[in-house]
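The UniProt record's numbering applies: residue 1 is where the sequence shown begins, and numbers increase by one.
Every residue, glycine too, gets a C-beta built ideally from N, C-alpha and C.
These numbers come from a predicted model, not from an experiment.
Data first, discussion second: the structure below is written as structure tokens.
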Amino acid sequence: MANGKKIAERKYYLTLYVMAGGKYLNTATIVFGVTLLIADITGSSVFSHIHPALAATNPIAIIIALILCMTHLLYQVKFHKPILLLSVALLAGLISFFDFGFNFFFHDDVSSIARYLLSQIDRGRFDTVGNNMILTFMIYVVAIIFRLFRKYYTFQFLMLTGLAIPFTAGLGHFFDLEQLYFKMSVSTVAICFMVALSGLGLSANKGAIKLFMTPNLVGLVARTQFLLSLSFCIIVGISLPNLTDNMDFFSAYEIFVTLATIFISVLIYISTIILGRSEQKKKLAEKEMQRLLITDPLTGLYNRRGLDHEIQKALNFQSRYGGDISILILDLDHFKSVNDRFGHDTGDLFLQTAAAVFKSEVRKNDVVSRYGGEEFLILLPNTPERHAKTVAEKLRTALESKDFSILCGQAYHQTVSIGGTTISPSQPDIDSSIKQADQMLYQAKSSGRNRSVIYQDTGTGHVSFLKH
1 MANGKKIAER KYYLTLYVMA GGKYLNTATI VFGVTLLIAD ITGSSVFSHI
51 HPALAATNPI AIIIALILCM THLLYQVKFH KPILLLSVAL LAGLISFFDF
101 GFNFFFHDDV SSIARYLLSQ IDRGRFDTVG NNMILTFMIY VVAIIFRLFR
151 KYYTFQFLML TGLAIPFTAG LGHFFDLEQL YFKMSVSTVA ICFMVALSGL
201 GLSANKGAIK LFMTPNLVGL VARTQFLLSL SFCIIVGISL PNLTDNMDFF
251 SAYEIFVTLA TIFISVLIYI STIILGRSEQ KKKLAEKEMQ RLLITDPLTG
301 LYNRRGLDHE IQKALNFQSR YGGDISILIL DLDHFKSVND RFGHDTGDLF
351 LQTAAAVFKS EVRKNDVVSR YGGEEFLILL PNTPERHAKT VAEKLRTALE
401 SKDFSILCGQ AYHQTVSIGG TTISPSQPDI DSSIKQADQM LYQAKSSGRN
451 RSVIYQDTGT GHVSFLKH
């Protein structure tokens, strides 16, 4: 119970940390976007001094990013219907869509809307909007719409899908592969990343991201696959250009496909191992839980639930193959005085020792159970009355000869009274038989204790007594 509580608390705090991180990242994105926009409008070269690729960020991209960040912010403060900002975002998305359409279908024959707007702002100083950036923000806009309707799984899926585009562009900048980043600058990649990650962080208590952070199997597999996938992209990006300097495009493509196939196979293999081990642990936990349900925690013997199950098995076997079933009920003599003289802890040790003695003196298929308090019930399948008498005396003498001085600090020998009966195939009434055995136990205790009394059906109601 304590471990479960710790795991739940860890999961709760991790979610809070991620959500707080998303909130701060969203604020940082707004500040970063405003700074980029001011730098673009004023023509400042502050970013180009840091790195040339940081320049040439398109104002349209920055404006859309700021709008999306504002929707994140307003949604977080429980303003779930930012219609005005959403409308502006959709308008920006439409501008991007038309720009994408013109670029895709007409190439340079027709000047796109975004290009026209930019040329009016600064006479063509800025690069045209890249199709990869357009697609990214179009996906983000659609994702925001789904979040407004509380479709968190779809929202997060679209955000991650859109994130793949700037991720690819980022790899292109990292490995200097222009065909990967096309017209998306480093600053555009950064702001696209920040918009998506802040949105995902702010929704960390919902949808798939919530599952991703869990300390259980789902979270473990998801995090493992994510880290391995990220490592694969970086390793391939570093290695492939060096391997393919003297190769044509198709040879490089074949190498990439081969590596990707191997990676997917390894990923599936690792996931299978994790799932397999988890399934094994689950089965062991279920088995342990089942064991705890049917065993007595003090003695490790069957409890009432476990005994009922074993009795039913014995009765089923008897109905199919015949044979007698004997039942013995054992009660430790004067056990109350043991607790009074030596304490309940010592009394528990007496019970554990008695249980071990009884367990060691019966067959493997016999069932020893703690029936309640200082009482034990032993089920003897396929055991007729005469053998039950022998077993009862064997149990009684074994316990009587056991030295308990090591437990209580003085010479002490514990005795036991035993009552028993036998269930015949013709009258398999377990409840009546247990009552009968209990009556025999009463006879044994009334006759002076430390003895066994086994019911014997002679047709005249006589009872056989076995005394030491």
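query: Identified DSSP bridge partners for E375; result: D331, G372
query: Distance CB(G323)-CB(N382) smaller than 8 Å; result: yes
query: Contact check, D438 vs I329, beta carbons under 8 Å; result: yes
query: Same chain only: Cβ atoms within 8 Å of N450, ignoring 5 sequence neighbours per side; result: D333, R396, E400, T415, V416, S417, H468
query: Distance CB(A204)-CB(M194) smaller than 8 Å; result: no
query: Distance, Y152 Cα to I139 Cα; result: 15 Å
query: N- and C-terminal bounds of the beta strand (DSSP E) containing T422; result: 416-423
query: Alpha-carbon spacing of E385 relative to K359, whole angstroms; result: 20 Å
query: Beta-bridge pairing of Y302 - partner residues as DSSP gives them; result: T295, S369
query: L351 - DSSP class collapsed to helix/strand/coil; result: helix
query: CB contact flag (I434, I294, <8 Å); result: no
query: The segment 362-371 contacting the segment 294-308, beta-carbon criterion three pairs below 8 Å; result: yes
query: Endpoints, alpha helix (DSSP H) assigned at S432; result: 430-446
query: Neighbour-count burial assignment, K336, 16 or more Cβ in a 10 Å radius; result: exposed
query: Segment limits, alpha helix (DSSP H) that includes V453; result: Not the alpha helix (DSSP H): V453 falls in the beta strand (DSSP E), residues 452-454.
query: Alpha carbon of L217 to alpha carbon of A208, nearest angstrom; result: 14 Å
query: Under the three-state DSSP convention, the category S326 falls into; result: strand
query: Rounded C-alpha distance that separates Y412 from D308; result: 34 Å
query: Same chain, Cβ closer than 8 Å to L25, five either side skipped, listed in chain order; result: M194, L197, S198, G201
query: For Q436 and R320, the rounded distance between their alpha carbons; result: 24 Å
query: Short Cβ contact (8 Å threshold) for I64 with F137; result: yes
query: Counted within 10 angstroms of its Cβ, other Cβ atoms place S112 as buried (16 or more) or exposed; result: Summary for S112: the model assigns pLDDT 45, below 50, so the residue's position carries little reliability; its value from the coordinates is reported in the next sentence. Buried is the call here.
query: Cross-strand partners of L380 (DSSP beta bridge); result: S326
query: For D308, the three-state DSSP class (helix, strand or coil); result: helix
query: Reference L73; option with closest CA among A39, F32, I38, T27; result: T27
query: Buried or exposed (CB count within 10 angstroms, at least 16 for buried), V156; result: For clarity, residue 156 is Gln in the given sequence; the question names Val instead. Q156 comes out buried.
query: Buried versus exposed, by CB contacts within 10 Å (16 or more), Y230; result: It is Leu, not Tyr, that sits at residue 230 in the sequence shown. Exposed, since its Cβ has fewer than 16 Cβ neighbours within 10 Å.
query: Residue from N131, F167, T15 with nearest C-alpha to S60; result: The question names Ser, but residue 60 in the sequence shown is Ile. Comparing Cα positions, the closest option is N131.
query: Continuous alpha helix (DSSP H) stretch holding E385: start and end; result: 385-400
query: Selected residue, minimal CA-CA separation from L160, among F149, L177, L148, V141; result: V141
query: Pick from E286, G347, F226, V189 that is closest to I134, judged by C-alpha positions; result: V189
query: Cut-off 6 Å between Cβ atoms - residues of its own chain near Y181, not counting five sequence neighbours on either side; result: A169, G172, H173
query: Rounded distance between the beta-carbons of T299 and A355, thought under 8 Å; result: 4 Å
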